[in-house]
Structures are given as structure tokens and as C-alpha cells.
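Reading the sequence shown from the start, the letters are residues -24 to -1, 1 to 320 in mature numbering (1 follows the signal peptide of the UniProt record, and there is no 0).
A virtual CB, placed ideally from N, CA and C, is assigned to each residue, including glycine.
Everything on this sheet refers to the single structure shown next.
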Amino acid sequence: MFMKRLAGLAGALALALATTAAFADTVTIRYSSWLPTTHWLVGGSLVPYLEEIEKVTEGRVKVEILPKVVGTAASQFDVVRDGLADMSWIVAGYTPGRFKLAEMGELPFNGDTAEISPAFHRAYTKNLAQYDEFKGVEVLAIYAASPGHVATRTRQVSVLEDFKGLKLRSASEVATKSLTLLGAVPILKSSTEAFEMLSTGAIDGSLMIPETVIGTNALDLLKYFTVIPGGFFNTVHLMIINPDKWAEISPEDQKAILAISGEKLARTVGDAYVTQNQLAFDAMKKAGYTIDEVSPDVLARIKGSLKPVETEWVEAAKAKGVADPASALAEFRADFASATKSGN
């Protein structure tokens, strides 16, 4: 009996040692980055986050930033899912119609303070993540970036009628629907692609987060910036990792990585956007831009025209199985408003 017990203990010890050994080697994550290395988000938020992964895991997990992007900005989800790279930062709206539930964070007039980023992470995690629309990858963080507005080359957008016929770069399917309802001609492209189109005069302007004017080197290509209170649009960003690569990381190191991801990363990026947006406004003023905010009357007309965008999202979310999308949206906006008021 004693020998049997001893043999059992020896087997358990061997299994424990084998399990420990399975996670003992250094795990290297290949990170695909499509943003220019000079973009503030890369050096100011994303790279520090990747470096912190190595720090909190005491070097057991390292991140190798690949010298060239694998695929395109729009294909990063598939790149990571298929293991062509292990990790990437993606914009959900660059693949229109694919991630319908995440579009809640792209709706117009959700809010225009830094609290929008962690508020959306909380809302999506609580009410929408269970529907697994990002199946095939592990989501380390999801957040709404920063409210965007309207930047143009040749004339200010001051009233509703000014949108008609304008060729404007769109950031997502939601933004495309909004522009269409206002009579504009939307062209869905990434922020980096917008630079080329603006430089050749192929478009009249672009929907832009203020910092994008600087981040994409478009300062000399535009002259007018129209602020839409509450935001004309937003973009949803995610940090994702291949599930097989994630499984190579020990549970303890996974826990350490998650502790610096999620809402913490969302808040860090949200705060960074506020700083960069102010720097962008300062640069625009110095460059002689005409910067204006639409009047309350014009804003009310825009909101009235864009009501179908929200209605369509609610119906699309119901089709995905969400029982009460309108309540999820209302809860998100209420949480954002409360957090903004309290300064949390």
C-alpha cells in the first residue's frame, strides 16, 4: 500500500514538474503594427504597453515588434486569428458590418470626454462580450477611442446643407451611414490612407479625431475643422492575441498581463487622446485653421437626421441575439455620464 501511495505521489510530482516546465521557457509574441512608427499612439501608448508585458512577467513573455506589418490595417483580425502574427492592435470599423455589436461604441453622440474609453470597455465586457463576435482571438482590451468631427479642405461645414455632395473619408460603417443620411459621399478608408487621398484632392475632407490631423501628417492638407458636440463618430479599438500563443503563457503570467490590459489600457489611451487632441487644436490654430462648433439648432437637426443609425444598430444587435440592445446602449451612456461627472 505504501509503495502504491509513494508511486502516486511520485506521479503527481512528475506531473506538476512537467506542467511547470511547459511554461518555463520564454514566450515570444510577434506583434504586427500597421500604424507608422512616428504616430504618437505607437510610441506614447502601444509600445509602452508591450514593454510592460515583459516587465510584469519578469521577462518570461517578450514582445517582438515585426519590422513590417503583416497584411493590411483592415486584415489584422484575420492575421492574428490565423497565426500569421501573434498579436495586433485593430480598428473594428475597418471591416464594415463584421463586428456589429462593437458598433455600439461607434454611434454618434455617445460622449466627448476621456471617460468614453473605459466606459465602453465596461459596457462591452458586461453586456456584449458573451456573444463572442471576436471568436478566434483573445481580446485583451476593447475601448472607444475618442470622439471625431469633420475636417475639410475648401469650406467650413456650418449647417446641415453643407454636407451635401462632400466627399468625406469615413472611419466605419456607422460613420458611412451617418454621412449618407446627411447627403455626403462617404469613402471608407483607414486614417493613414486618408492622407494620400487628401494630398491628391480625391476627397474634400475627412471625419477625424482631432489628433489624427497631426498623427497622419495632414495639417497642411486641411483648412477647416467643425466640432460636433458629443462626437459625430467614434472608433472602437482592440488589442488582440492569438489563442494558441496565449495558451503558451502560464496562468500566472496571463493574470499579470490582464492586470495591465482591459480597462486600465482603455483609460491610459483615453487620457492620451485628450492630451493629443489639445495639441492638435493648438497646431491647427497656429496653422490658421478655421475652427468652429455647430450651433445648438444645427446640432439638433443633425441628431434628428441620424436617429435611424441608432435604430438600425438596435435591430442588428437583436438579430445577433441581444435581448435588449437599447437598454445596453442606455446603460453605457449613463455609466459614461456618471463617470464624467464624478471624474472617475
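Which same chain residues end up closer than 7 Å to phenylalanine -23 when comparing Cβ atoms and leaving out the 5 residues on each side of it in sequence? Here phenylalanine -23 scores only 33 on pLDDT, less than 50, and its place in the model should not be relied on; the value that follows carries that caveat. Around phenylalanine -23: no qualifying Cβ.
Can you list, in chain order, the residues of its chain with a C-beta nearer than 7 Å to that of leucine 164? Leave out the 5 residues immediately preceding and following it. Pro72, Ser146 and Thr152
Which one of Arg243, Glu228, Val189 and Val274 has the shortest CA to CA distance from methionine 260? Val189
Apart from the five residues just before and just after glycine 246, which ones in its own chain have a Cβ nearer than 6 Å to its Cβ? Ala90 and Ser93
Please state whether DSSP places glutamine 254 in a helix, a strand or coil. helix
Distance between proline 123 and glycine 207 (C-alpha atoms, nearest Å): 4 Å
Same chain, Cβ closer than 8 Å to isoleucine 236, five either side skipped, listed in chain order: Tyr25, Glu28, Ile29 and Val32
Quick check: lysine 76 and alanine 304, are their CB atoms within less than 9 Å of each other? no
Within this structure, are the beta carbons of glycine 141 and valine 161 separated by less than 9 Å? yes
Check whether leucine 174 and arginine 129 have beta carbons under 9 Å apart: yes
Ends of the beta strand (DSSP E) at valine 18? No beta strand (DSSP E) holds valine 18; DSSP gives it neither H nor E.
Here's the rule: buried if 16 or more other CB atoms are within 10 angstroms of the residue's CB, otherwise exposed. What is alanine -4? Only weak support is given to the placement of alanine -4: the predicted model assigns it a pLDDT of 48, under 50, and the value that follows is read from those uncertain coordinates. Exposed.
Any idea if alanine 50 is buried or exposed, counting beta-carbon neighbours within 10 angstroms, 16 or more meaning buried? buried
Boundaries of the beta strand (DSSP E) in which methionine 215 is found, first to last residue: 212 to 217
Exposed or buried, arginine 131, counting other C-beta atoms within 10 Å across all chains shown (16 or more means buried)? exposed
For alanine -1 and glutamate 40, what's the separation of their Cα atoms in angstroms? The predicted position of alanine -1 is uncertain, since its pLDDT is 48 and thus under 50; no value can be drawn from it.
In or out: aspartate 62 buried (at least 16 other Cβ within 10 Å) or exposed? buried
Where does threonine -5 sit, in a helix, a strand or coil, going by DSSP? Confidence at threonine -5 is low in this model, with a pLDDT of 46, below 50, so its placement is unreliable and the value that follows should be read with caution. The answer is helix: DSSP assigns threonine -5 an H, G or I state.
Residue interval of the alpha helix (DSSP H) (run including aspartate 311): 301 to 318
To the nearest angstrom, how far is it from the Cα of phenylalanine 171 to the Cα of glycine 177? 10 Å
With DSSP as the reference, please indicate the residues paired to histidine 125 in a beta bridge. Met184
CA-CA distance, isoleucine 179 and proline 227? 49 Å
Whole-angstrom distance between glutamate 187 and lysine 199, CA atom to CA atom: 15 Å
Just to confirm the assignment: which complete alpha helix (DSSP H) runs, minimum length 4, are found wholly within the segment 25 to 79? 52 to 57
Closest to asparagine 193 by CA distance: which of Thr244, Ser8 and Trp16 is it? Trp16
To the nearest angstrom, report how far apart glycine 264 and aspartate 258 are at their CA atoms. 10 Å
Unbroken beta strand (DSSP E) run spanning isoleucine 233, endpoints: Looking at the DSSP string, isoleucine 233 is not in any beta strand (DSSP E); the run it does join, the alpha helix (DSSP H), is 227 to 235.
From what residue to what residue does the beta strand (DSSP E) around valine 115 run? 114 to 120
With DSSP run on the structure shown, which of helix, strand or coil describes leucine 83? coil
Under three-state DSSP, which class holds lysine 143? strand
To the nearest angstrom, how far is it from the Cα of asparagine 253 to the Cα of valine 115? 27 Å
Report all residues from its chain with a CB closer than 7 Å to the CB of leucine -12; omit the five preceding and five following residues, and keep chain order. A caution first: leucine -12 carries a pLDDT of 41, below 50, which makes its placement in the model unreliable, though a value can still be read off. Excluding sequence neighbours, leucine -12 sits near nothing in its chain.
Valine 212 and glutamate 82 closer than 9 Å at C-beta: yes
Span separating the alpha-carbon of threonine 13 from that of glycine 19: 7 Å
Only counting the same chain, and skipping five residues up and downstream in sequence, which positions put a Cβ closer than 7 Å to that of methionine 184? Gly124, His125 and Ala127
9 Å Cβ cutoff met for glycine 238 and threonine 48: no
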